[in-house]
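K.L.:
Protein chains in written order, with the working numbering: chain E, 175 to 277; chain F, 36 to 186.
Virtual Cβ for every residue (Gly too), placed ideally from N, Cα, C.
Every value quoted in this text rests on a predicted model; they were computed, and no experiment measured them.
One structure follows; several queries about it will come next.
Structural data, given as structure tokens:
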């Protein structure tokens, strides 16, 4: 069980979507994330940079058919941050813990 | 980072919607064409079956099967533009561990039986593993699509 923890880096709406998409997989191509979330390269790059600086993202560049492709994946710290943040969001929706709930 | 959030319930609900949107985006990409897993299952079966062969034939089948698997993984990346590791999905961790353990157990049995002189044991185990692989991954894709799809 992950301890609830609000995370300001993860909380921005687009970063939350990026993290949630990447948490479901091992890694995804930058273009796939961009297309699925319907944002421009520059907007996604900006958010990727913030996540990268926080240590939540690993970025790998690979050349495929003479084109450079960027792959994004969450680090262990990123997965923990997202899990804690989601737990905090769920706690806010259900503020009374089961342990203190009266029968 | 802070721990004292000032979010209201409605803001938290809106944020959870963003989380669902991200997971749904992954769900949309998870599917593979019908031929993908059968081909990978065949390559896996051929790789294990090569233990039943001797000499150059064993090496040729093994190398071809490995090359087919590498090529198919590259095709998977190009088709879906993502890479899935079910170990990262908490709901799938037990199934991943069980499937890996079963695979290693069957592989160990195949090697032991071949060494004990039971000719063709690895070929039988290879076929079983190949079919099991296809069934397992079809189930994984359906399960992940259900897990990640928005409620």
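Which stretch, first to last residue, makes up the beta strand (DSSP E) that contains residue 201 of chain E?
P.N.:
Its beta strand (DSSP E) spans residues 201-203.
K.L.:
Suppose contacts are defined by Cβ-Cβ distances below 8 Å. Is residue 120 of chain F in contact with residue 200 of chain E by that definition?
P.N.:
The answer is yes: Cβ separation under 8 Å.
K.L.:
Can the beta-carbon of residue 244 of chain E be found closer than 8 Å to that of residue 231 of chain E?
P.N.:
Result no, Cβ atoms of residue 244 of chain E and residue 231 of chain E do not sit closer than 8 Å.
K.L.:
From the DSSP output, in three-state form, read off residue 153 of chain F for me.
P.N.:
If DSSP states are grouped into helix, strand and coil, residue 153 of chain F belongs with coil.
K.L.:
Do residue 221 of chain E and residue 253 of chain E count as a contact pair if the criterion is CB distance below 8 Å?
P.N.:
Cβ distance not < 8 Å, so residue 253 of chain E and residue 221 of chain E don't count as in contact.
K.L.:
Since I believe residue 191 of chain E is in contact with residue 57 of chain F (beta carbons under 8 Å), could you give me their beta-carbon distance rounded to a whole number of angstroms?
P.N.:
Contact holds; Cβ gap of about 4 Å.
K.L.:
Using three-state DSSP, classify residue 143 of chain F as helix, strand or coil.
P.N.:
Three-state result, residue 143 of chain F: helix.
K.L.:
Do we get a CB-CB distance below 8 Å when we pair residue 225 of chain E with the residues of chain F?
P.N.:
By this cut-off, residue 225 of chain E is not an interface position.
K.L.:
For residue 42 of chain F, would you say it is in contact with chain E, using Cβ-to-Cβ distances shorter than 8 Å as the test?
P.N.:
True, the Cβ-Cβ gap to chain E drops below 8 Å.
K.L.:
Please list, in chain order, the residues of the segment 88-109 of chain F that have any C-beta partner in chain E closer than 9 Å.
P.N.:
Taking 9 Å as the Cβ-Cβ cut-off against chain E, the residues of the segment 88-109 of chain F that qualify are 109.
K.L.:
Going along chain F, which residues have a C-beta under 8 Å from residue 201 of chain E?
P.N.:
Chain F residues near residue 201 of chain E: 117, 118.
K.L.:
Assess, as a yes-or-no matter, whether the segment 175-185 of chain F is touched by the segment 79-97 of chain F under the definition of 3 or more beta carbon pairs within less than 8 Å.
P.N.:
Because the criterion of three Cβ pairs below 8 Å is not met, the segment 79-97 of chain F and the segment 175-185 of chain F do not touch.
K.L.:
Drop a sphere of 10 angstroms on the beta-carbon of residue 108 of chain F, count the other beta-carbons inside from all chains shown, and report buried for 16 or more, exposed for fewer.
P.N.:
Flag for residue 108 of chain F reads exposed.
K.L.:
Against residue 156 of chain F, what residues of chain E qualify as contacts under a CB-to-CB distance less than 8 Å, listed in chain order?
P.N.:
The contacting residues do not exist; residue 156 of chain F stays about 34 Å from chain E at best.
K.L.:
Mark residue 241 of chain E as exposed unless 16 or more other C-beta atoms lie within 10 angstroms of its C-beta, in which case mark it buried.
P.N.:
Result: exposed.
K.L.:
Please tell me whether residue 192 of chain E has its Cβ less than 8 Å away from any Cβ of chain F.
P.N.:
Cβ-Cβ to chain F under 8 Å: yes for residue 192 of chain E.
K.L.:
Would you check if the segment 68-80 of chain F and the segment 164-177 of chain F touch, i.e. whether three or more CB-CB distances between them fall below 8 Å?
P.N.:
The answer is yes - the segment 68-80 of chain F touches the segment 164-177 of chain F, with three or more Cβ pairs under 8 Å.
K.L.:
What do you get for residue 53 of chain F, buried or exposed, if any count of 16 or more other CB atoms within 10 angstroms of its CB means buried?
P.N.:
Buried.
K.L.:
Quick one: Cα of residue 47 of chain F to Cα of residue 60 of chain F, how far?
P.N.:
So the alpha carbons of these two residues sit roughly 20 Å apart.
K.L.:
Check whether chain F comes within 8 Å of residue 260 of chain E, counting only Cβ atoms and requiring the distance to be less than that.
P.N.:
At least one chain F Cβ lies under 8 Å of residue 260 of chain E.
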